[in-house]
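Here the structure is laid out as C-alpha cells; the discussion comes afterwards.
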Amino acid sequence: MKLCNFAENFPPKWSDIELFPYRWRVIKLLGSGGFGDVYKVHKVNNPDKTESAMKTEMVLGNRLLLRLKIEVVVLMKCHEQTDPERKAHFVAFVDRGKTPKFKFLVMGLVGPSLEDIRKKDLLKNYTKSTAMQCCIQTMTALRDLHGIGYLHR
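Under our numbering, residues -1 to 151 are what the sequence shown spells out, in order.
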C-alpha cells in the first residue's frame, strides 16, 4: 500500500492511498471528467469498511469550472430536510475537506447509471413503463431539489 499526504500529492490513478488527515483510503478510480476524478474509498479506522465515493477537484483553476463547493452546499442542504421522502433521491453526504491543492466530497456509493444498466444488463432499450417510472423519479427529485431553493440548469 502506498501512503502519501493528500495535501502534497494528488492521488495517482489506480493506486491505494491513505489520505491524511482525513483518513480515507482510495480503493480505485471510478471515473474521470473535465472537473476532476471520482474514487471508491473507505474510512481507514472503520471496521466495517463501508465504501463511499470521493469526488476530487483541484483548488486552482478556472473559477467558472469549479463546482465541487456548490455540490457540497447543495448536498448538505438536501440532507437537512426533515421529511425522509424529500431526501430519498439524494446520495448520502459523508464528509468533505480541503487541502492547499485539492477539495473533496465523500458521499454514498451508488450503483451503475441507467445507461450502464441498459447497455450491459438489458442489452436493449427500457420498456415504456420503466422509462416512465424513471421520468417520474427524476421529476420528483427535481421537485425536491427546487424545494430547497436550488435550480439546476
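Think of the CB as a built atom: it goes at the ideal place given N, C-alpha and C, for glycine as much as any other residue.
Self-check item: C-alpha distance - M74 paired with T48, whole-angstrom precision
Solution: Your numbering for residue 74 matches position 76 in the sequence shown. Your numbering for residue 48 matches position 50 in the sequence shown. M74 and T48: Cα-Cα distance of roughly 20 Å.
Quiz item: How is R65 classed by DSSP in three states: helix, strand or coil?
Solution: Counted from its first residue, the sequence shown places residue 65 at position 67. In the three-state reduction of the DSSP assignment, R65 falls in the coil class.
Quiz item: Taking just the CA atoms, how far does M130 sit from V57?
Solution: Walking along the sequence shown from the start, residue 57 turns up at place 59. Walking along the sequence shown from the start, residue 130 turns up at place 132. Rounded to whole angstroms, V57 to M130 spans 40 Å at the Cα level.
Quiz prompt | Residue nearest to V42 in terms of C-alpha spacing, selected from S50, V72, H77 | solution = Within the sequence shown, residue 42 is the residue found at index 44, counting from 1. Nearest to V42 by C-alpha distance, out of S50, V72, H77, is S50.
Quiz item: Going straight from the alpha carbon of M153 to that of C132, what length do you get?
Solution: This structure leaves residue 153 out entirely; the chain is present only between -1 and 151.
Practice problem: Spatial neighbours of F102 within its chain, please: CB distance less than 6 Å, with the 5 preceding and 5 following residues excluded, ordered by chain position. | Solution: Along the sequence shown, read from residue 1 onward, the residue named residue 102 stands at position 104. Once the five neighbours on either side are set aside, the close Cβ partners of F102 are M52, T54, G95.
Quiz item: Taking contact to mean at least 3 C-beta pairs separated by less than 8 Å, is the segment 112 to 130 in contact with the segment 69 to 88?
Solution: No: the two stretches stay apart, fewer than three of their Cβ pairs being nearer than 8 Å.
Quiz item: Does DSSP put L140 in a helix, a strand or coil?
Solution: On the sequence shown, position 142 is the one that residue 140 refers to. Note: L140 maps to helix in three-state DSSP.
Self-check item: Counterpart residues of E49 in DSSP-defined beta bridges
Solution: Locating residue 49 in the sequence shown gives position 51, counting from the first residue. According to DSSP, E49 bridges with H40.
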